[in-house]
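Colleague:
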Amino acid sequence: MSEITKAIGERFPGAVQEIVEFRGETTVVADPGKAKAILRFLKEERGFNYLVDVSSAHWPDEGRIDVVWLVRNLKTREQLRIRSPLPEEAPEVETVADLWRTANWLEREVYDLMGVVFTGHPDLRRILMPEDFEGHPLRKEYPMEGDDEWRNYLPVEEGPHDDR
Amino acid sequence: MTTANRERLDLNTELVTLNMGPQHPATHGVLRVILTLDGEVVVNARPDVGYLHRGIEKIAENKTLHQVIPYTDRMDYLSPASNNIGLCLAIEKLIGFTITEKCRVMRVVACEMARMASHFLWLATTALDIGAGTVYFYCMTEREKILDLFERMTGARFTVSYGRIGGLSREWEPSLPEDIAAWARQAHKTLDECDRLLTRNRIWIERNQDVGTISAEDAIDLGLSGPNLRAAGVDWDIRKAYPYLGYERYDFEVPVGEHGDCYDRYLVRLEEVRQSAAIILQALKEYDPAVPLFPEDPEFQKAYLPPKSRVLTRMEELIHQFIVATEGPRTERGKEIYFSIEAPKGELGFYLVGSGTNVAHRCHFRSPSFVNLQGLPVMVKGQMVADVIATIASLDPVLGEVDR
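As given, the protein sequences belong to chains A and B, one line each in that order. Per our numbering, numbering of the first sequence is gapless, rising by one per residue and ending at 168. Per our numbering, numbering of the second sequence is gapless, rising by one per residue and ending at 393.
(1) Per DSSP, valine 355 of chain B forms a beta bridge with which residues?
(2) Label aspartate 166 of chain A either buried or exposed according to how many other C-beta atoms from any shown protein chain fall within 10 Å of its C-beta, with 16 as the threshold for buried.
(3) DSSP puts tyrosine 54 of chain A in a beta bridge; with which residues?
(4) Distance, Cα to Cα, glutamate 101 of chain B vs tryptophan 225 of chain B?
(5) Tell me which residues share the same chain as aspartate 57 of chain A and place their Cβ nearer than 8 Å to its Cβ, disregarding the 5 neighbours each side in the sequence.
(6) Give a yes or no on whether the minimum CB-CB distance between glutamate 149 of chain A and chain B is below 8 Å.
(7) With a Cβ-Cβ cutoff of 8 Å, do valine 367 of chain B and leucine 211 of chain B count as a contact?
(8) Can you list, in chain order, the stretches of the alpha helix (DSSP H) that have 4 or more residues and sit fully within the stretch 238 to 318 of chain B?
(9) Which two residues bound the contiguous alpha helix (DSSP H) that contains methionine 368 of chain B?
(10) Which two residues bound the contiguous alpha helix (DSSP H) that contains glutamine 83 of chain A?
(11) Determine the closest residue to tyrosine 66 of chain B out of B:Ser150, B:Cys77, B:Ile269, with distance taken between C-alpha atoms.
(12) Can you give the beta carbon distance from threonine 179 of chain B to alanine 382 of chain B, rounded, assuming they're within the 8 Å contact cut?
(13) So is threonine 123 of chain A buried or exposed if we call it buried at 16+ other beta carbons inside 10 Å?
(14) Can you pull the chain B neighbours of asparagine 77 of chain A, defined as C-beta to C-beta under 7 Å?
(15) For valine 33 of chain A, write down the residues that DSSP places opposite it in a beta bridge.
(16) When you compare only the Cα positions, how much space is there between tyrosine 125 of chain B and glutamate 306 of chain B?
(17) Got a sec? Which residues, its chain only, sit under 8 Å from glycine 163 of chain A by beta carbon, not counting five neighbours each side?
(18) Quick check on arginine 68 of chain A: does DSSP put it in helix, strand or coil?
(19) Kindly indicate if chain A contains any beta-carbon less than 8 Å away from that of valine 32 of chain B.
(20) Are arginine 258 of chain B and valine 243 of chain B close, meaning C-beta to C-beta below 8 Å?
(21) Compare the C-alpha of histidine 353 of chain B against each of B:Thr346, B:Ile326, B:Glu90, B:Gly335 and name the closest.
(22) Aspartate 57 of chain A versus chain B: which residues are under 8 Å apart at the beta carbon?
(23) What separation, rounded to the nearest whole angstrom, lies between the Cα atoms of glutamate 2 of chain A and aspartate 181 of chain B?
(24) Can you give me, in chain order, the residues of the stretch 243 to 257 of chain B that have a beta carbon less than 8 Å from any beta carbon in chain A?
(25) Exposed or buried, methionine 304 of chain B, counting other C-beta atoms within 10 Å across all chains shown (16 or more means buried)?
(26) Please tell me whether alanine 34 of chain A has its Cβ less than 8 Å away from any Cβ of chain B.
(27) Just verifying my parser: in three-state terms, what is the DSSP assignment at glycine 163 of chain A?
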């Protein structure tokens, strides 16, 4: 694994902020602007042909949202995690849906629940929440019990079929 | 082909949008597929999911680690045991717990039983979707026996919540291993019966062969996993690639398909059930009832749940149980792990981030059905409407897991 992280460091000088090893897993903390270039390099030159997961984590006290890609080489069974910290106010990062089609729905899920905008995504819509939902429920400031009444159900007295 | 026909004949036909679901029995839950049709040929299919979204990830970030376990039962509700054992393995990896050999064996048995139950139900419903009603009753009868064994094993037939951090919720009763072995030895009978009914059946072949085909490259690019990936000819199984629970010691084969169509997915699952039965029998040979279920490490003794029999009779263990169940182990802030198991539906992954307290900061479930479902449009384009049903069935999505 250290060989691959070294190769990333040489290929993209200054893009790697930190390399974390924990329980046998390697995480490369990469500059958000360079994340896609690194992932493209891993896919096209290092045979990481399988995108396992796209996820995210919100750290409100540090004002950042992490986007996490987990890629895998099915031949060598190597796994590598790329993590990019984005600013909480306007989280935006380039899509990788053109590299792996898996990313299409996975990125839509991150957009839906965490509010990260993936620029260049072919179809960036909500996927799990209703289309007219407001807010992003996996943000830490979003309350557990929701922030309002369920808007799709109008109160009875204002209902459209109320004939009284 | 049809488009060309239409141009040649100069027929003025329009594309029709057909809304399939979400309330449709053949969609295996609340899946909605928006089909664009040219006559009876599918031009495009757009799956629309989210009707069963319950925010399990959000809930998991507000509960202690132990309290998350029952929620995972409700994800892939056809194989709850493998879900919560998978979560426990992920939590154990995050906090660095070890488990005993006996616990590993018991978990393997539970996971493989869940796989068999899930595949039996899959075969039952798929055959029913395609019109073979008899198979449904054969498979449900067999699954009933598994659920009865689960009831004796865990106290619940369906939502078992069997996993505990560092162990399992309870020990097996003395006669259970023998009964599981006896059942596993005869489970192939039902399978052989279905095999004889379906595999060379003209109607079954017509409905499944060359239907919902996907190439190996497409399957990898779309991130398919489990039987759906293997049916496309990719030899990939998490149990072989990253062995967990001591799977490397068991002698079993990973069936791989060739064509990536519904028929190959059927054959792969059929063989997987046989292999699971073989794994169960091997695991049961290693089961030793005399060994304790939880590790007896004096350093971490207070971190594991005490034996249930003593909780109900002694004061100290009762308090100990209360502390562990309400507080639970702590996670290290910012530490992240990904752990995946080969669930019946494919790769079930857990991405956990520690928070420095007894609650996970982030708990993301990479559910196989969600990712597999993305392959549906690729598979059904150019096929007939009736083939959409066969393809959805062969993908084996569980909407509880898709929407979480």
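Just so you know, even glycine gets a beta-carbon here, dropped at the ideal spot from N, CA and C.
Modeller: Taking the coordinates as given:
(1) Note on residue identity: the sequence assigns arginine, not valine, to residue 355 of chain B. Looking at the DSSP assignment, arginine 355 of chain B forms a beta bridge with B:Gly338.
(2) A caution first: aspartate 166 of chain A carries a pLDDT of 47, below 50, which makes its placement in the model too unreliable to give a value.
(3) A:Arg76
(4) 17 Å
(5) Val72, Trp73, Leu74, Leu110
(6) no
(7) yes
(8) 251 to 275, 297 to 300, 304 to 315
(9) 365 to 369
(10) Run containing glutamine 83 of chain A: none in the alpha helix (DSSP H); it sits in the beta strand (DSSP E), 83 to 91.
(11) B:Ser150
(12) That pair is no contact at about 19 Å.
(13) exposed
(14) By Cβ distance, chain B contributes nothing, its closest Cβ being about 11 Å from asparagine 77 of chain A, past 7 Å.
(15) A:Glu22, A:Arg87
(16) 47 Å
(17) At glycine 163 of chain A the pLDDT is 48, less than 50, meaning the model places this residue with poor confidence and gives no usable figure here.
(18) strand
(19) no
(20) no
(21) B:Ile326
(22) Tyr327, Gly338, Tyr340, His353, Arg355
(23) Examination of residue 2 of chain A is not possible in this model, given that chain A is present from 5 through 168 alone.
(24) none
(25) exposed
(26) no
(27) A caution first: glycine 163 of chain A carries a pLDDT of 48, below 50, which makes its placement in the model unreliable, though a value can still be read off. Coil.
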